Amino acid sequence: MQRVTFFVSIFLIVLLTNGTHSKNPGLKSRITSNGLNYAVNVALDVLSKDITNKAIPDQHDKSGSVSYDITGHHTEP
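The sequence shown runs -22 to -1, 1 to 55 under mature numbering (1 follows the signal peptide of the UniProt record, and there is no 0).
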């Protein structure tokens, strides 16, 4: 069983490293600062719409001699 695992591991390593050294890659991409800014703005819009008016679960805990209760919180737009 160990021998099979060893050969499978070696095969996968050779297979995965062989493709990383190709001279003619199938796809090249570049992200510009404008593209990155656009992605950040879209992500912020999606996340802000997703978390609006969501209830935050109540938290009750104790740390050393201090105990705390956080209840009734929610997000606002």
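For glycine and all other residues, C-beta sits at the position ideal for the given N, C-alpha and C. Bear in mind the structure is a predicted one, so any value in this text is a computation, not a measurement.
- Taken through DSSP and simplified to helix, strand or coil, K32 comes out as coil.
- DSSP places S41 inside the beta strand (DSSP E), whose first and last residues are Q37 to S41.
- Beyond the five residues adjoining it in sequence on each side, H52 comes within less than 7 Å, by CB distance, of N31, K32, A33 and I34 in the same chain, given in chain order.
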